[in-house]
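Undergrad: Handing you this structure, nothing more for now.
Number of protein chains: 2
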Amino acid sequence: MQGLIKDLRRIVEPKRLLTELEDRMAYAYDGTFRTRVPDLVVRPVTTAEVSGVLRLANREGLPVVPRGGATSLSGGAVPLQGGIVLALTSMNRILSFNREDLLVMVEPGVVTAHLHRNVEGAGLFYPPDPQSLEASTLGGNIAENAGGPRGIKYGVTRDYILGLEVVLPDGEIIQVGGSTVKNVSGYDLTRLFTGSEGTLGVITRANLKLIPKPEARRRLLAVYDDLGAAGKTVTRIIDSGVIPSMLEIMDDTTIQVVESYGHFGLPVEAAAILILEVDGFAETVERQASIIADLCRSAGAIRLEVARNEKEGEDLLKARRAVSPAVLRIDPRKPTKISEDATVPRSKVPEMIVRLKEIARRHDVTMVVYGHAGDGFLHPNIITNQDDPEEMARAEAAIDEVFKLALELGGTLSGEHGIGYLKAPYLVNEFGPAGVKAMRAIKEALDPKGIMNPGKIFDQGIGKMRAPGRG
Amino acid sequence: MQGLIKDLRRIVEPKRLLTELEDRMAYAYDGTFRTRVPDLVVRPVTTAEVSGVLRLANREGLPVVPRGGATSLSGGAVPLQGGIVLALTSMNRILSFNREDLLVMVEPGVVTAHLHRNVEGAGLFYPPDPQSLEASTLGGNIAENAGGPRGIKYGVTRDYILGLEVVLPDGEIIQVGGSTVKNVSGYDLTRLFTGSEGTLGVITRANLKLIPKPEARRRLLAVYDDLGAAGKTVTRIIDSGVIPSMLEIMDDTTIQVVESYGHFGLPVEAAAILILEVDGFAETVERQASIIADLCRSAGAIRLEVARNEKEGEDLLKARRAVSPAVLRIDPRKPTKISEDATVPRSKVPEMIVRLKEIARRHDVTMVVYGHAGDGFLHPNIITNQDDPEEMARAEAAIDEVFKLALELGGTLSGEHGIGYLKAPYLVNEFGPAGVKAMRAIKEALDPKGIMNPGKIFDQGIGKMRAPGRG
Chain B
3 MQGLIKDLRR
13 IVEPKRLLTE
23 LEDRMAYAYD
33 GTFRTRVPDL
43 VVRPVTTAEV
53 SGVLRLANRE
63 GLPVVPRGGA
73 TSLSGGAVPL
83 QGGIVLALTS
93 MNRILSFNRE
103 DLLVMVEPGV
113 VTAHLHRNVE
123 GAGLFYPPDP
133 QSLEASTLGG
143 NIAENAGGPR
153 GIKYGVTRDY
163 ILGLEVVLPD
173 GEIIQVGGST
183 VKNVSGYDLT
193 RLFTGSEGTL
203 GVITRANLKL
213 IPKPEARRRL
223 LAVYDDLGAA
233 GKTVTRIIDS
243 GVIPSMLEIM
253 DDTTIQVVES
263 YGHFGLPVEA
273 AAILILEVDG
283 FAETVERQAS
293 IIADLCRSAG
303 AIRLEVARNE
313 KEGEDLLKAR
323 RAVSPAVLRI
333 DPRKPTKISE
343 DATVPRSKVP
353 EMIVRLKEIA
363 RRHDVTMVVY
373 GHAGDGFLHP
383 NIITNQDDPE
393 EMARAEAAID
403 EVFKLALELG
413 GTLSGEHGIG
423 YLKAPYLVNE
433 FGPAGVKAMR
443 AIKEALDPKG
453 IMNPGKIFDQ
463 GIGKMRAPGR
473 G
Chain P
3 MQGLIKDLRR
13 IVEPKRLLTE
23 LEDRMAYAYD
33 GTFRTRVPDL
43 VVRPVTTAEV
53 SGVLRLANRE
63 GLPVVPRGGA
73 TSLSGGAVPL
83 QGGIVLALTS
93 MNRILSFNRE
103 DLLVMVEPGV
113 VTAHLHRNVE
123 GAGLFYPPDP
133 QSLEASTLGG
143 NIAENAGGPR
153 GIKYGVTRDY
163 ILGLEVVLPD
173 GEIIQVGGST
183 VKNVSGYDLT
193 RLFTGSEGTL
203 GVITRANLKL
213 IPKPEARRRL
223 LAVYDDLGAA
233 GKTVTRIIDS
243 GVIPSMLEIM
253 DDTTIQVVES
263 YGHFGLPVEA
273 AAILILEVDG
283 FAETVERQAS
293 IIADLCRSAG
303 AIRLEVARNE
313 KEGEDLLKAR
323 RAVSPAVLRI
333 DPRKPTKISE
343 DATVPRSKVP
353 EMIVRLKEIA
363 RRHDVTMVVY
373 GHAGDGFLHP
383 NIITNQDDPE
393 EMARAEAAID
403 EVFKLALELG
413 GTLSGEHGIG
423 YLKAPYLVNE
433 FGPAGVKAMR
443 AIKEALDPKG
453 IMNPGKIFDQ
463 GIGKMRAPGR
473 G
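So the protein lines, in turn, are chains B and P.
To get our numbering, take the position in the first sequence, counting from 1, and add 2.
To get our numbering, take the position in the second sequence, counting from 1, and add 2.
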């Protein structure tokens, strides 16, 4: 290790290499519950530094874990096997902004909301909006292929990445994709690295596509005393030709938790609410809002509110954004949140919610359900205590069933959060041994020594949640 | 070979195995100019048959070339090294249509226009629209990640593929992606196989995303006596917030050629024309069309026509669709069309056109330029004669410069057609040795014996256009 530290000092300035325990401890966690203190932390500022670090790590066979805002909900940034954490938050410049071509080139450490504010100031729009956007970085968003409420209309991070600069595990620097909206040159490595969870290389630069900012938007709240009616609304909207820019659902428990947390005026007696948004040209927005209001009512909404101005719209969004912090306050004895993102075909959302509630009841766990209903995307959150092994065992049994259910309904393990370590043991259930083998073959082709973010995506047989390394 | 034929007869019905030269000759070509008669042709009807054929071919180390409508313009379907052509046109069923979830599951041999008509009859929309859509198949579209005029608003084939069934070279059948619009489970193999040009496996099934069909559309024709003004219009439209569903450009030569071919009433004295389309809700279409008309005029259009009805709009599109056949009739002594698809950032379109014309002049070749200007996508077509080695040498020198120019302007070798054999020698110019090495590593990981479509994407040192095997 001392030799390695000496070599690293030749690559980065001393202050960018953290070796003291108290410094390294700050890099042991992410948005999940396992922690592990890395052996070293490097905070590079250039691609050449990243390349130098990877070259050394590869020589030594030492794990490297890229880290942005560390908001991952699947465990992407936890250095499960120690090694080097490569903290990319100092590479945080917006390198160029090409208004004519609607392109922006960024370093991986740019915080997502910072980019939003920058481009919106120029009348442009970078749609991907993970809930973590005030803390998460674009590098992390790309590595996890982050989504968000606007995905239903605007797609996810993947849809806005035209090109990447990537440092491969052996230190080679490659450019994939480019600067054009159409590009079919060679294999689509841009999209292979997008969502690869830091297991194939380190993203050091990204060329992002922007779009013009919609000139108007309108938000709506629809209240239901019946979950099925809310689900029916979702299907009818999708069928209507109107594509909302947001279509969020909250179940009864979520509504109560959020309301008691923030007093937003949500209807605590409701079985479910939908929060909707439409955007575009002013006159289109009016028409879309009116079509959607009619659809909500005819599908059985017992109350409908259309935000009359931007302030009222903002209040609705605040309630949605409060879900995550609110959920953590449900019960002081249950500080552990296991946030899943099982996703099903849209028409299966009502069935999924009903059966999630059954699962929670059967295993006696506290669960709230909310999510991007328009994408078939739900966040069943189990609220538990990681220090209570008996309750954690029940939580794990419930999660097992959640994944089984999602796949049974034709869905996927992960719609937004990625596989990380939390879902790695389940990957084979979705793709079968041959599918996982194909993915592993790609991993081994690009990272033959397996240094990049080990223990993520691919199960290393260390078990599920209760495995050692947690705590 | 006789042993192999015996083994293949155990896998497919006799009539689905073509061994006679006169039968095999029909599978020697695609939309490019090289040909090679395959040793065998198999026309499977099930995934299991495809799997059985690949297993055998892999055992024997025999090349396998998947083939759909054989309209490739980069050489995807030419069996350069002989072996087995796997003609997938008999796997042409639409397997399921899920209206609620806006999904359709197809076999690879379904002709693109057939799917269009099917889903549009139900009020839905599958946007990808390569010009070859009446002949090309979805399997081919996916393998090449086909685009089309509607790409500017609706994206390309890649954006509509939710999941694939793929047979790997060793015969293993895997499912990648799924049925949900959001999916970040494991590596994005769906998009890796999309655009992989048949070099990684055989697509036997695809799950496609549909969207609601726009209720109205309007087409416009803008005429320019100055190419720069047409280019300026493109940039201004992109900047305006209106995203047209089509933004096509034709240069003077293209206009003259198309008009003399079809008498569409195009302005033969013009320096360039733009053909535009907007779609969406009826009232939005009116507003968008009026914004675009104003932008065209203020950027210097000397004439502007707005199609008053669907018939007039259809006529405009017919002129655009006639480009390809028209170009082939320019000169009976020049029956060979080399159609490139170099793509640049949108703002570089005017410069690209001017410099393409210089290149054509300098090398004394006949070139027409048209394309999807809104995507920065141009089709410089060189019209030549493959049997005239001197002229082909000049064409090749010109093409060399076209690629160099596209990359110099920040563009890519291929926006729509793929690399195939035609552009394989240039791949390294775009991605460098390390980038190509990473792509090759993936190829070798999934196809260690190199049986899948050899000679495509990766240069095998057999030279550029004039290489043996042509004719």
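Using N, Cα and C, we set each Cβ at its ideal position, and we do this for glycine too.
This one's a predicted model, so the numbers in the text were calculated from it and none came from an experiment.
Would B:Glu316 be called buried (16 or more neighbouring beta carbons within 10 Å of its own) or exposed?
TA: As a working note, residue 316 of chain B is residue 314 in the first sequence. B:Glu316 is exposed by the Cβ-count criterion.
Undergrad: At what residues does the beta strand (DSSP E) containing P:His116 begin and finish?
TA: Locating residue 116 of chain P in the second sequence gives position 114, where the first residue counts as 1. Segment 114-123 is the alpha helix (DSSP H) holding P:His116; no beta strand (DSSP E) there.
Undergrad: So for P:Leu407, helix, strand or coil by DSSP?
TA: Your numbering for residue 407 of chain P matches position 405 in the second sequence. Helix at P:Leu407.
Undergrad: In terms of residues, what are the limits of the alpha helix (DSSP H) holding B:Thr49?
TA: As a working note, residue 49 of chain B is residue 47 in the first sequence. Where B:Thr49 is concerned, the enclosing alpha helix (DSSP H) stretches over 49-62.
Undergrad: Which residue marks the beginning of the beta strand (DSSP E) containing B:Met454, and which one marks its end?
TA: Taking the first residue of the first sequence as position 1, residue 454 of chain B is located at position 452. Segment: none, B:Met454 is in no beta strand (DSSP E) and carries neither H nor E.
Undergrad: Relative to the C-alpha of P:His365, which residue among P:Gly378, P:Ile401, P:Gly376, P:Ser341 is closest?
TA: Here residue 365 of chain P refers to the residue found at position 363 of the second sequence. Nearest option by C-alpha distance: P:Ile401.
Undergrad: Taking P:Phe283 as part of the beta strand (DSSP E), name the residues at either end of that continuous run.
TA: Against the second sequence, residue 283 of chain P aligns to sequence position 281. Per DSSP, P:Phe283 belongs to no beta strand (DSSP E) and is neither H nor E.
Undergrad: Beta carbons nearer than 8 Å to chain B: which residues of the segment 369-401 of chain P have them?
TA: So the close ones are His374, Asp377, Gly378, Phe379.
Undergrad: Please report the straight-line C-alpha distance between B:Arg45 and B:Asn209, rounded to a whole angstrom.
TA: Position 43 of the first sequence holds residue 45 of chain B. Position 207 of the first sequence holds residue 209 of chain B. Taking the straight line joining both Cα atoms gives about 22 Å.
Undergrad: Give the secondary structure of B:Asn143 by DSSP, where H, G and I count as helix, E and B as strand, and everything else as coil.
TA: In the first sequence, the residue the question calls residue 143 of chain B occupies position 141. Residue state, collapsed to three classes: helix.
Undergrad: Helix or strand or just coil, what does DSSP make of P:Ile13?
TA: For this step, residue 13 of chain P is matched to residue 11 along the second sequence. In this structure, P:Ile13 counts as helix in the three-state DSSP scheme.
Undergrad: Kindly indicate which three-state DSSP category P:Asn100 falls into: helix, strand or coil?
TA: Here residue 100 of chain P refers to the residue found at position 98 when the second sequence is read from its first residue. P:Asn100: strand per DSSP, three-state reduction.
Undergrad: Have a look at the DSSP bridge pairing and note the partners of P:Val430.
TA: Position 428 of the second sequence, counted from the start, is the residue given in the question as residue 430 of chain P. DSSP lists no partner for P:Val430.
Undergrad: Straight-line CA distance for B:Arg472 to P:Gly5?
TA: The residue given as residue 472 of chain B occupies position 470 in the first sequence. The residue given as residue 5 of chain P occupies position 3 in the second sequence. With a pLDDT of only 36 at B:Arg472, under the threshold of 50, the placement of this residue in the model should not be trusted; the figure read from the coordinates follows. Between B:Arg472 and P:Gly5, the C-alpha separation is close to 58 Å.
Undergrad: Which residues in chain B sit within 8 Å of P:Met441, going by Cβ to Cβ distance?
TA: Within the second sequence, numbered from 1, the residue matching residue 441 of chain P stands at position 439. Those within 8 Å of P:Met441 in chain B are Gly188, Tyr189, Leu191.
Undergrad: Where does B:Arg468 land, buried or exposed, given buried means 16+ other C-beta within 10 angstroms?
TA: Your numbering for residue 468 of chain B matches position 466 in the first sequence. Because the pLDDT of B:Arg468 is 47, which lies under 50, any placement of that residue in the model is unreliable, and the number read from its coordinates should be weighed accordingly. With fewer than 16 other Cβ atoms within 10 Å, it is exposed.
Undergrad: With distance defined between alpha-carbon atoms, name the residue in P:Tyr29, P:Ile96, P:Ala295 nearest to P:Gly78.
TA: Counting from 1 along the second sequence, the entry for residue 78 of chain P is found at position 76. Closest by alpha carbon: P:Tyr29.
Undergrad: Please classify B:Gly111 as buried or exposed, where buried requires at least 16 other C-beta atoms within 10 Å of its C-beta.
TA: The residue labelled residue 111 of chain B in the question sits at position 109 within the first sequence. Answer is buried; the Cβ neighbour count reaches 16.
Undergrad: First and last residue of the alpha helix (DSSP H) that includes P:Gly70?
TA: As a first step, residue 70 of chain P is located in the second sequence; it is residue number 68 there, counting from the start. Segment: none, P:Gly70 is in no alpha helix (DSSP H) and carries neither H nor E.
Undergrad: Mind listing which residues of the segment 413-427 of chain P have their C-beta closer than 9 Å to chain B's C-betas, in chain order?
TA: Answer set for the segment 413-427 of chain P: Gly413, Thr414, Leu415, Ser416, Gly417, Glu418, His419, Gly420, Ile421, Lys425.
Undergrad: Is the segment 338-358 of chain P close to the segment 189-205 of chain P, with three or more CB pairs under 8 Å?
TA: In short, these stretches do not touch, since the Cβ pair count stays below three.
Undergrad: Tell me which residue opens and which closes the alpha helix (DSSP H) that B:Gln177 is part of.
TA: Translated into the one-based positions of the first sequence, residue 177 of chain B becomes position 175. Per DSSP, B:Gln177 belongs to no alpha helix (DSSP H); it is in the beta strand (DSSP E), 175-179.
Undergrad: Taking only beta carbons into account, state which residues of the segment 134-160 of chain B come closer than 9 Å to chain P, listed in chain order.
TA: For the segment 134-160 of chain B, which is checked against every Cβ of chain P, the residues closer than 9 Å are Glu146, Asn147, Ala148, Gly149, Gly153, Ile154, Gly157, Val158, Arg160.
Undergrad: Report the partner residues of B:Tyr226 according to the DSSP bridge assignment.
TA: Stepping through the first sequence from its first residue, residue 226 of chain B is reached at position 224. Note: B:Tyr226 sits in a beta bridge opposite B:Ala274.
Undergrad: For P:His265, does the count of other Cβ atoms within 10 angstroms reach 16, so buried, or fall short, so exposed?
TA: If you number the second sequence from 1, residue 265 of chain P lands on position 263. By the 10 Å Cβ count, P:His265 comes out exposed.
Undergrad: Count the other CB atoms, across all protein chains shown, that sit within 10 Å of the CB of P:Met3; report buried if there are 16 or more and exposed otherwise.
TA: For the purposes of this step, residue 3 of chain P is taken as residue 1 along the second sequence, with counting starting at 1. Exposed, since its Cβ has fewer than 16 Cβ neighbours within 10 Å.
Undergrad: At a Cβ threshold of 7 Å, is B:Pro347 touching chain P?
TA: Locating residue 347 of chain B in the first sequence gives position 345, where the first residue counts as 1. Yes, contact with chain P.
Undergrad: By a C-beta neighbour count over all protein chains shown, 10 Å radius and 16 as the cutoff for buried, is P:Val492 buried or exposed?
TA: Since the first and last residues shown for chain P are 3 and 473, residue 492 of chain P lies out of range.
Undergrad: Which term fits P:Ala232, buried or exposed, when burial requires 16 or more other beta carbons within 10 angstroms of its beta carbon?
TA: Numbered from 1 along the second sequence, position 230 holds the residue referred to as residue 232 of chain P. Buried is the call here.
Undergrad: Name, please, each residue of chain P whose Cβ falls closer than 7 Å to the Cβ of B:Glu174.
TA: Mapped onto the first sequence, residue 174 of chain B falls at position 172. Ordered by position in chain P, the residues that pass the 7 Å Cβ test against B:Glu174 are Ala436.
Undergrad: Can you tell me which of the three DSSP states P:Arg472 falls into?
TA: The residue labelled residue 472 of chain P in the question sits at position 470 within the second sequence. In this predicted model, P:Arg472 has a pLDDT of only 35, less than 50, meaning its place in the structure is not dependable enough to derive any value.
Undergrad: Please say whether B:Gly200 and B:Pro40 have beta carbons closer to each other than 7 Å?
TA: For this step, residue 40 of chain B is matched to residue 38 along the first sequence. For this step, residue 200 of chain B is matched to residue 198 along the first sequence. The answer is no: Cβ separation not under 7 Å.
Undergrad: Taking Cβ-Cβ distances shorter than 8 Å, what residues in chain C pair up with P:Glu446?
TA: Any reference to chain C falls outside this structure, whose protein chains are B and P.
Undergrad: Between P:Leu97 and the rest of its own chain, which residues show a CB-CB distance below 6 Å, the 5 nearest in sequence each way excluded?
TA: By one-based count along the second sequence, residue 97 of chain P stands at place 95. Correct list, in chain order: Met107.
Undergrad: Could you work out which residues of chain P lie near B:Asp131, taking near to mean beta carbons separated by less than 9 Å?
TA: Start at 1 with the first residue of the first sequence, and residue 131 of chain B comes out as number 129. The contacting residues do not exist; B:Asp131 stays about 13 Å from chain P at best.
Undergrad: Could you spell out the range, first to last residue, of the alpha helix (DSSP H) harbouring P:His365?
TA: Numbered from 1 along the second sequence, position 363 holds the residue referred to as residue 365 of chain P. P:His365 -> alpha helix (DSSP H) spans 351-365.
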